[in-house]
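A.B. asks: Input: one structure, supplied below.
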Amino acid sequence: MDTRQWMAILLCFATALMLFVSFLSYRKRHLQVARTMIYMMVAASCYAIGYAFEITGESLNSVKLSLQLEYLGIPFVSAFWLLLVIQFTGLAVRYRKWLAVLLFIVPTVTFVLHLTNDWHHWIYEEYILNMDGTVPLYNTVKGPWYAVHAVYNYTILLLGILLFVPMYLRAMPIVRKQILVLILGAAAPMLFNIGYMFSKVIDFTPFGFAVSGLVYAWGIFRIRLLRLTPLAYAKMFDTIRDGVILLDYEGQIVNHNRAAEEVFPELEWAKSFPLSGKDMLSACPELVERIAAADFQDERFALQRVLEDRMRHYICSLTYIYDTGTSPIGKMLMFNDITELKENEERLREKSQRLSQLNAFKDKLFTVMAHDIRDPIALLVSLTELLGEEPTDTDIAKAEVFQEIRRQVRGTHHLVDNLLDWYRSQNGEVAFRPLSWNLQQVVRQALSLAGARAGMKKISITERIDDKLTVNADKEMLDLIFRNLLSNAIKYSGIEGSIEVDAFNNGELVTVSVSDNGIGIDERTAELLRHDEMFFKEPGFASGEEGGEMRFGLVLTREFLRMHGGSLRFESLPGKGTTFIFTLPGSAGGGGNERKAG
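Reading the sequence shown from the start, the letters are residues 1 to 598 in full-length UniProt numbering.
Structure follows, in structure tokens:
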């Protein structure tokens, strides 16, 4: 097997290798860099297989035909490589299409000129037969445009390397490896071509593409060349909200993101890396000491800095970076800005203190109401009751005024009692102690207390409750519930009206109803009673306005029933009367062990 055959076999192997790299790139074709890699490798494979046909050709026509196949790739390889560099580094995103057009002008002209070379001879002026029979069969005399294209290729290579330099200096180790792989893959064919330019014997440039294929294949398998592009990494690194500073094993800063410049403005003026960590972070000596003292353990700590006359708070994390083994190669320092969180906490703390002060004032206010307001009102109620038993003054007007005063004082006293009971329930001062009670006894006790007021209006009260019916309830709350409902029924019933109290067992619950044939509830009050929260928004809810006492008492009644697990509802027709229906949990003990209301 002669030299030509060996070279042809090697070139076929190089072609196969470059097509394999194209296949690997095709699997990541959703990335621009991968698609450009495909075009570059296909162009290089055309160059290699065409050269294999050229060195095995037996005539000038076969050599020219082989050159036509080679020039499907020769003009475009370097252009695709520079386009890959531009995409890899993320440069000129807005103008990339125009750059691509400009970049391919010279390769396109070269391709067309070679296609029509027999007319003008700008690429190859002459083909000279190699008389000694060595490779290649024909030597070529290069034309003027061949020199133009050679200068263009070397310029492209140099420009691509220059674009990589600043990125390499700022890049992480994994990205630096990717950059070196791309540079080496482009440099190998150029080095072989330079050797050919000086020797003028055999063009080994296609074999350089075989080296490129090996390098790129290694990069794809070992360092994820087409999986994590530096552009995506750079965007993620620069747009992350937390500040990040990367330090090498000597404590020098090798990279940082924009957010880190907000923490340490000194970093913004850094022009090259590495930087002295002690100098750049000298504004925080405790941070420098902590970094130097870290003993291969990740840690978190707090940091405070005054920036632009404002105290900034940060949570810092110091993390070690390891290579593929267990040896640390650097550190990563992250700054999480929690200034707003700290300020919000401070505002919440101040508001909490103010709320505590207001709550303490409220407690004092209700204490004063319980002792210094309710007692005098209770005394006034007693006095008006005593005066009411005396003979009425002959002056009818004065008698009416007295009756109004007595009604207002009694209503105010009842409202204050309800208000204090409600406050105690909301403040957790009401002890909830449910026990088993005979419902008939509880109701009769409440009727005896309300009988005097009912008798003044000649209202008849009927109670229909089984003497064995029991409920599980808190006695004080139960008394308040019946007191409020009976008081409202008496108040809004006319002279010689009637009130009925019924109860029956409904499964695990006992349903109780208090009905009257009074004036009923108007629509506005009914709507307020259906929505507790609307009641508290009503202006003057605790004043002596008509209906205010009833509403507040019913809200308190509903609250106590909820504590028992029961509910309250009502049915009312204006002028026909009102029925309040509520539920209480029944007692499982029946009527044998219930407590009697004394």
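Glycine included, every Cβ here is placed at the ideal spot set by N, Cα and C.
Does the structure place the segment 47–66 close enough to the segment 12–20 that three or more beta carbon pairs sit under 8 Å?
C.D. replies: Segments in contact, yes.
A.B. asks: Classify Lys177 as helix, strand or coil using the three-state DSSP reduction.
C.D. replies: Counting from 1 along the sequence shown, the entry for residue 177 is found at position 177. Lys177 falls in the helix class under three-state DSSP.
A.B. asks: May I ask you to report which of helix, strand or coil DSSP gives Met456?
C.D. replies: By 1-based counting over the sequence shown, the position of residue 456 is 456. Three-state DSSP puts Met456 in a helix.
A.B. asks: May I have the straight-line CA-CA distance separating Phe204 from Glu268, to the nearest angstrom?
C.D. replies: As a working mapping, residue 204 is identified with position 204 in the sequence shown. As a working mapping, residue 268 is identified with position 268 in the sequence shown. One C-alpha to the other measures close to 48 Å.
A.B. asks: By how many angstroms is the C-alpha of Asn255 removed from the C-alpha of Ser45?
C.D. replies: Counted from its first residue, the sequence shown places residue 45 at position 45. Counted from its first residue, the sequence shown places residue 255 at position 255. C-alpha separation (whole angstroms): 39 Å.
A.B. asks: With Gly213 as the anchor, note down where its beta strand (DSSP E) starts and where it stops.
C.D. replies: Position 213 of the sequence shown, counted from the start, is the residue given in the question as residue 213. Note, Gly213: premise wrong, no beta strand (DSSP E); alpha helix (DSSP H) at 205–222.
A.B. asks: Quick check: the segment 276–286 against the segment 241–257, are at least 3 beta-carbon pairs closer than 8 Å?
C.D. replies: Output reads yes: the segment 276–286 touches the segment 241–257.
A.B. asks: Would you mind reading off the limits of the beta strand (DSSP E) that contains Ile321?
C.D. replies: Your numbering for residue 321 matches position 321 in the sequence shown. 310–322 is the span of the beta strand (DSSP E), which, as asked, contains Ile321.
A.B. asks: Determine the direct distance from the alpha carbon of Val215 to that of Cys316, and round the result to whole angstroms.
C.D. replies: Counting from 1 along the sequence shown, the entry for residue 316 is found at position 316. Counting from 1 along the sequence shown, the entry for residue 215 is found at position 215. So the two alpha carbons sit approximately 40 Å from each other.
A.B. asks: One question on the structure: do Gly143 and Val21 come within less than 7 Å of each other, judged by their Cβ atoms?
C.D. replies: Counting from one through the sequence shown, the residue named residue 143 turns up at place 143. Counting from one through the sequence shown, the residue named residue 21 turns up at place 21. No, these two residues do not count as a Cβ contact at 7 Å.
A.B. asks: Could you pull the start and end residues of the beta strand (DSSP E) that Tyr138 belongs to?
C.D. replies: To locate residue 138, count along the sequence shown from 1; it is residue 138. Element bounds for Tyr138: 138–142.
A.B. asks: What's the gap between the Cα of Leu70 and the Cα of Asn139?
C.D. replies: The residue given as residue 70 occupies position 70 in the sequence shown. The residue given as residue 139 occupies position 139 in the sequence shown. Going by the sequence as given, residue 70 is Glu instead of Leu. Their Cα atoms are separated by approximately 16 Å.
A.B. asks: Tell me the DSSP secondary structure of Pro274 in three-state form.
C.D. replies: As a working note, residue 274 is residue 274 in the sequence shown. Residue state, collapsed to three classes: coil.
A.B. asks: Taking the straight line between their C-alpha atoms, what separation do you get for Glu545 and Leu529?
C.D. replies: By 1-based counting over the sequence shown, the position of residue 545 is 545. By 1-based counting over the sequence shown, the position of residue 529 is 529. Interpretation of Glu545 is limited by its pLDDT of 47, a score under 50 that renders its predicted location unreliable; no figure is taken from the coordinates.
A.B. asks: Are the Cβ atoms of Phe504 and Ala446 separated by less than 7 Å?
C.D. replies: Translated into the one-based positions of the sequence shown, residue 504 becomes position 504. Translated into the one-based positions of the sequence shown, residue 446 becomes position 446. Against a cut-off of 7 Å, the Cβ pair of Ala446 and Phe504 comes out as no contact.
A.B. asks: I'd like the ranges of any alpha helix (DSSP H) spanning at least 4 consecutive residues and lying wholly in the segment 7–82.
C.D. replies: List check, alpha helix (DSSP H) in window: 32–55, 60–70.
A.B. asks: State yes or no: is the C-beta of Leu439 within less than 7 Å of the C-beta of Ile461?
C.D. replies: The residue given as residue 439 occupies position 439 in the sequence shown. The residue given as residue 461 occupies position 461 in the sequence shown. Taking 7 Å as the Cβ cut-off, Leu439 and Ile461 do not qualify as a contacting pair.
A.B. asks: From this set, Leu573, Gly575, Thr525, which residue's C-alpha is nearest Leu554's C-alpha?
C.D. replies: Numbered from its first residue, the sequence shown carries residue 554 at position 554. Looking at the Cα atoms, Thr525 is the closest of the given residues.
A.B. asks: How far does the alpha helix (DSSP H) with Ala489 in it reach, from first residue to last?
C.D. replies: Here the question's residue 489 lines up with position 489 in the sequence shown. Taken as a continuous stretch (DSSP letters only), the alpha helix (DSSP H) holding Ala489 covers 475–491.
A.B. asks: Taking the C-alpha atoms as reference points, what is the distance between Trp81 and Glu262?
C.D. replies: Sequence index remark: in the sequence shown, residue 81 carries index 81 (1-based). Sequence index remark: in the sequence shown, residue 262 carries index 262 (1-based). Taking the straight line from one Cα to the other gives about 37 Å.
A.B. asks: Could you tell me if Phe23 is buried or exposed, where buried requires 16 or more neighbouring beta carbons within 10 angstroms of its beta carbon?
C.D. replies: The residue labelled residue 23 in the question sits at position 23 within the sequence shown. It is exposed - the Cβ of Phe23 has fewer than 16 other Cβ atoms within 10 Å.
A.B. asks: Answer with buried or exposed for Phe536, where buried requires no fewer than 16 other C-beta atoms within 10 angstroms of its C-beta.
C.D. replies: Position 536 of the sequence shown holds residue 536. In this prediction, Phe536 has a pLDDT of 42, which is less than 50 and means its spatial position is unreliable; nothing more can be read from the coordinates.
A.B. asks: Can you tell me the Cβ-Cβ gap for Val585 and Glu476, rounded? I've got them flagged as a contact below 8 Å.
C.D. replies: Translated into the one-based positions of the sequence shown, residue 585 becomes position 585. Translated into the one-based positions of the sequence shown, residue 476 becomes position 476. With the sequence shown as reference, residue 585 is identified as Pro, and Val is not the correct amino acid for it. About 16 Å; that fails the 8 Å criterion.
A.B. asks: If you follow the alpha helix (DSSP H) that Phe111 is in, where does it begin and where does it stop?
C.D. replies: Indexing the sequence shown from 1 puts residue 111 at position 111. Counting along the chain, the alpha helix (DSSP H) containing Phe111 begins and ends at 105–115.
A.B. asks: Under a three-way DSSP split, which group does Ser567 fall into?
C.D. replies: Along the sequence shown, read from residue 1 onward, the residue named residue 567 stands at position 567. Looking at Ser567 - three-state DSSP - the assignment turns out to be coil, as it is neither helix nor strand.
A.B. asks: Taking 7 Å as the cut-off, decide whether the C-beta atoms of Ile194 and Leu333 are in contact.
C.D. replies: Residue mapping note: residue 194 aligns to position 194 of the sequence shown, counting from 1. Residue mapping note: residue 333 aligns to position 333 of the sequence shown, counting from 1. Contact: no.
A.B. asks: Among Glu58, Ile105, Ala100, which one has its Cα closest to the Cα of residue 601?
C.D. replies: With the chain covering only 1 through 598, there is no way to say anything about residue 601.
A.B. asks: Based on Cα-Cα distance, which residue from Leu287, Pro574, Val33 lies nearest to Gly90?
C.D. replies: For this step, residue 90 is matched to residue 90 along the sequence shown. Measuring from the Cα of Gly90, the nearest candidate turns out to be Val33.
A.B. asks: Express the C-alpha separation of Leu556 and Phe541 in angstroms, rounding to a whole number.
C.D. replies: For the purposes of this step, residue 541 is taken as residue 541 along the sequence shown, with counting starting at 1. For the purposes of this step, residue 556 is taken as residue 556 along the sequence shown, with counting starting at 1. For Phe541, the pLDDT reaches just 44, beneath the cut-off of 50, and the residue's location in the model is therefore unreliable, leaving the point undetermined.
A.B. asks: Have a look at Ser498 and Gly575 and give me their C-alpha separation to the nearest angstrom.
C.D. replies: Stepping through the sequence shown from its first residue, residue 498 is reached at position 498. Stepping through the sequence shown from its first residue, residue 575 is reached at position 575. Distance between the alpha carbons of Ser498 and Gly575 is about 14 Å.
A.B. asks: For Ser25, count the other beta carbons within 10 Å of its own beta carbon; 16 or more makes it buried, fewer makes it exposed. Which is it?
C.D. replies: Translated into positions along the sequence shown, residue 25 becomes position 25. Looking at its Cβ environment, which holds 16 or more other Cβ atoms inside 10 Å, Ser25 is buried.
A.B. asks: So what's Ile519 in DSSP terms, helix, strand or just coil?
C.D. replies: Translated into the one-based positions of the sequence shown, residue 519 becomes position 519. Three-state DSSP puts Ile519 in coil, outside helix and strand.
A.B. asks: Confirm, please, whether the CB-CB distance from Thr579 to Ala493 is below 7 Å.
C.D. replies: Taking the sequence shown and counting its residues from 1, one reaches residue 493 at position 493. Taking the sequence shown and counting its residues from 1, one reaches residue 579 at position 579. The amino acid occupying residue 493 in the given sequence is Ser; Ala does not appear at that position. For Ser493 and Thr579, no; Cβs fall outside 7 Å.
A.B. asks: First and last residue of the beta strand (DSSP E) that includes Leu469?
C.D. replies: Taking the first residue of the sequence shown as position 1, residue 469 is located at position 469. Segment: none, Leu469 is in no beta strand (DSSP E) and carries neither H nor E.
A.B. asks: What residue from Tyr322, Ala489, Asp242, Val77 has the CA that sits closest to Tyr154's CA?
C.D. replies: One-based indexing of the sequence shown puts residue 154 at position 154. Measuring from the Cα of Tyr154, the nearest candidate turns out to be Val77.
A.B. asks: If the criterion is Cβ atoms closer than 7 Å, does the pair Asp479 and Pro434 meet it?
C.D. replies: Within the sequence shown, residue 479 is the residue found at index 479, counting from 1. Within the sequence shown, residue 434 is the residue found at index 434, counting from 1. Result no, Cβ atoms of Asp479 and Pro434 do not sit closer than 7 Å.
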